[in-house]
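Step one of this worksheet: look at the structure below.
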Amino acid sequence: DLNSSDLAVPVYAAAIHRVYNIDSSFGDGPEFPLVYLISTTDDGAGLDVPLTAPQTLSADLQQALTAALADQPFEIIWVPRVDDVPLDGQGRIADGEGIYIILGNILPQADGRVHLPFFMVCGPLCLTGKVYVLSEVEGTWQVTGDTGLVIQG
C-alpha cells in the first residue's frame, strides 16, 4: 500500500526534485513558482510501462511530501485530477506561472531499485515524461537513470 509506505516520500521527493531542477525542458533553469501535484497516481501518463491501478495519495502522504520539498523554490498545490489544474486561454498552467506533475506508482524491482513513471507539463508544447530508476545510495533515494519511453517537447 503506497500510502502506508515510508518509501513513498523519499522516492517521490527525489523524483520531483530531479524533474524540476535537472530533467525538465525549461532550459537554463526553472522559473515556475507553482507546482501542481496530481494526487491520483497514473502509471500511463503517455508512457509505455506496465500499468498498475491508480491510487489516491493520502492527505498524510501529501503533507509529508510537501514538507520534504520545503527547500525547493516552488509552492506545491495538490489537486485530485489534471482537469483541476487552472489553464489560461493559451493552455498555459496558472497563466504561465506553473507546471503540473503526474506521479505513477512506485514499482519495486527484484534488485532493490524502484521504477517510477511520471509526466510533467508546463504548457501545450512543454512536457517531459519518463520512467525513473531510483536506487538507495548511502541511505538516500536518488534517481540513478531512466528506462522506457522518454517524451519531451
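Residue -19 is where the sequence shown starts when you use our numbering, and the numbers rise one by one after that.
Don't be surprised by glycine CBs; every beta carbon is placed ideally from N, CA and C.
Here the structure is a predicted model, which means the values were calculated and not measured.
Reference Glu55, options Ala(-12), Asp(-14), Leu14, Cys106, closest by Cα: Selection Ala(-12), Asp(-14), Leu14, Cys106 evaluated against Glu55 yields Leu14 as nearest (Cα-Cα).
Closest by C-alpha distance to Val94, when choosing among Asn85, Cys102, Met100: Among Asn85, Cys102, Met100, the Cα nearest to that of Val94 is on Asn85.
Euclidean distance between Cα positions of Val123 and Val62: Spanning the two alpha carbons is a distance of roughly 25 Å.
Inter-residue spacing [alpha-carbon to alpha-carbon] between Gln70 and Gly119: Linking Gln70 to Gly119 through their CA atoms gives a straight-line distance of about 43 Å.
For Ala39 and Ala33, the rounded distance between their alpha carbons: Computed Cα separation, rounded: 19 Å.
Those runs of the beta strand (DSSP E) which lie wholly inside the stretch 58 to 113 and span at least 3 residues: Whole beta strand (DSSP E) segments, 3+ residues: 78 to 83, 94 to 103.
Residue range of the unbroken alpha helix (DSSP H) whose run includes Ile2: Here Ile2 belongs to no alpha helix (DSSP H), and DSSP marks it neither H nor E.
Cβ shell of Leu49 (< 8 Å), same chain only, five flanking positions each side left out: Leaving aside the five residues that flank Leu49 on each side, the residues in its chain whose CB is nearer than 8 Å to its CB run, in chain order, Ala(-7), Ile(-4), His(-3), Ile56.
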